[in-house]
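Notes for the one structure printed next.
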Amino acid sequence: MAAGNLNTLIADAARKLETVGIESGGAEAEYILCELLDFDRLHLYLHGPSLIDDALIARFEAIIAKRLTRYPLQYILGVAWFFGRKFIVNEAVMVPTPETELLLDSILRASRRCRSHPVTVLDVGVGSGVLSVSAALENPELAITAVDISDAALGVARQNAERLDAADRITFVQSDLFSALKPGPQFDIIASNPPYIADGEYDGLPLEVKADPRISLLGGPKGMDIINRLIKEAPDYLRRPGYLMFEIGYDQAQDVFAAVQADSLYVDCTLQKDLNDIDRVVICRVES
Ligand SMILES: C[S@@+](CC[C@H](N)C(=O)[O-])C[C@H]1O[C@@H](n2cnc3c(N)ncnc32)[C@H](O)[C@@H]1O
């Protein structure tokens, strides 16, 4: 294939994707080719033209055809990137979002302030395992317990932990929040990216988001059901000092603040904004 044909292949795909409302069609087309060739973008343009043959073009076109239905690219390819690592994903787990990297950053920063050895972390709603696996790999001092109500999600998380060589640092437990854990304060940090979308907002979500499992998205009438349970139940499982931190929706900061302030066990509550200047991560501290 000539270099110009690579540009045409990408531009044609981008044009098709834009007709169904996918604005970043060019970037997606490049990314698909990179994944098919296992190249980064530079190598795609340097070596791609000599390697792209009819068979690869057919695979590329089949992926574009599927993507035109607005089915998430991560499910089509079976992989998603998080904090610089590639994770396996399928319909059993939510596609990880870049905002959740902020929660990972908060876990890592809080873990450096903890005095325990090892620092114990509970990941509530592990999904594909992006938080637990990344935290384990970024900080060797952490011992992580990861729970999810979904057995299928736990299977994907285990697979990712094994592939990325973090399985010996993470204990996986099927549990409705804390219900299957032994009672008592045992974690320095409890972290969660919970389902926080209000039931009434579901219909208006982009098709890509609606492909995520409903149990990973929906948090009751105001999206606060799981968050409220976390705020209420976490102190029973936290060491002192200890941290509860979790991701929230774009409009939930006030309700969350009110719920934390109403609970005298929390001495502090701070918010971290995401790159779009939206309050995204809540960090609550318990002292005694
Ligand atoms: C928003 S997803 C987060 C997944 C992953 N941690 C991430 O950040 O990509 C929420 C996860 O919580 C799980 N979940 C929902 N309700 C739960 C419950 N009551 N107890 C435990 N896990 C729950 C879902 O199965 C889903 O995997």
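Taking this note's numbering, the leading residue of the sequence shown gets 181, the next gets one more, and so forth.
For each residue, glycine too, the CB sits at the ideal point set by N, CA and C.
For residue i, the three-state DSSP class (helix, strand or coil)
i, result
"Glu271", "coil"
"Asp416", "helix"
"Ile232", "coil"
"Gln432", "coil"
"Asp443", "coil"
"Lys266", "strand"
"Phe426", "strand"
"Leu398", "strand"
"Gln339", "helix"
"Asp379", "helix"
"Val313", "helix"
"Lys390", "helix"
"Arg349", "helix"
"Asp192", "helix"
"Ala182", "coil"
"Ser372", "strand"
"Gln366", "coil"
"Cys464", "strand"
Span separating the alpha-carbon of residue i from that of residue j
i, j, result
"Arg409", "Ser444", "15 Å"
"Pro365", "Asp285", "23 Å"
"Asn270", "Leu226", "31 Å"
"Thr249", "Val200", "8 Å"
"Ser230", "Phe219", "13 Å"
"Pro363", "Ser314", "26 Å"
"Arg247", "Ile256", "8 Å"
"Val306", "Lys412", "20 Å"
"Phe426", "Ile370", "8 Å"
"Val310", "Lys453", "20 Å"
"Leu451", "Ile407", "15 Å"
"Asp459", "Ala438", "15 Å"
"Ile232", "Leu186", "8 Å"
"Val461", "Arg419", "21 Å"
"Leu361", "Ser355", "8 Å"
"Lys196", "Ile202", "9 Å"
"Pro393", "Val336", "13 Å"
"Ile244", "Ala272", "22 Å"
Buried versus exposed call for residue i [16 or more other C-beta atoms within 10 Å across all chains shown]
i, result
"Ser372", "buried"
"Tyr430", "exposed"
"Asn456", "exposed"
"Ala332", "exposed"
"Pro320", "exposed"
"Ala346", "buried"
"Tyr382", "exposed"
"Gly258", "exposed"
"Val387", "It is worth fixing the name first, because residue 387 is Leu in this sequence and not Val. Result: exposed."
"Val447", "exposed"
"Thr496", "No statement about residue 496 is possible, as the shown extent of the chain runs from 181 to 468 and does not include it."
"Ile395", "exposed"
"Gln254", "buried"
"Leu283", "buried"
"Gly184", "exposed"
Cβ pair residue i, residue j closer than 8 Å
i, j, result
"Ala433", "Leu424", "no"
"Leu357", "Val304", "yes"
"Ser312", "Ile329", "no"
"Pro252", "Ala391", "yes"
"Gly352", "Ala326", "The residue asked about is misnamed: residue 352 is Phe in this sequence, not Gly. Contact flag set, yes."
"Leu224", "Glu208", "no"
Check: residue i C-beta below 7 Å from any heavy atom of ligand 2
i, result
"Val353", "Absence of ligand 2 is noted for the structure shown, with ligand 1 being the only ligands found."
Say whether the stretch 295–314 touches the stretch 229–239, bearing in mind that this needs 3 or more beta-carbon pairs closer than 8 Å, one atom from each stretch. no
Contact the stretch 397–406 vs the stretch 374–382: 3+ CB pairs below 8 Å: yes
Taking three-plus beta-carbon pairs below 8 Å as touching, is the stretch 253–263 in contact with the stretch 287–297? no
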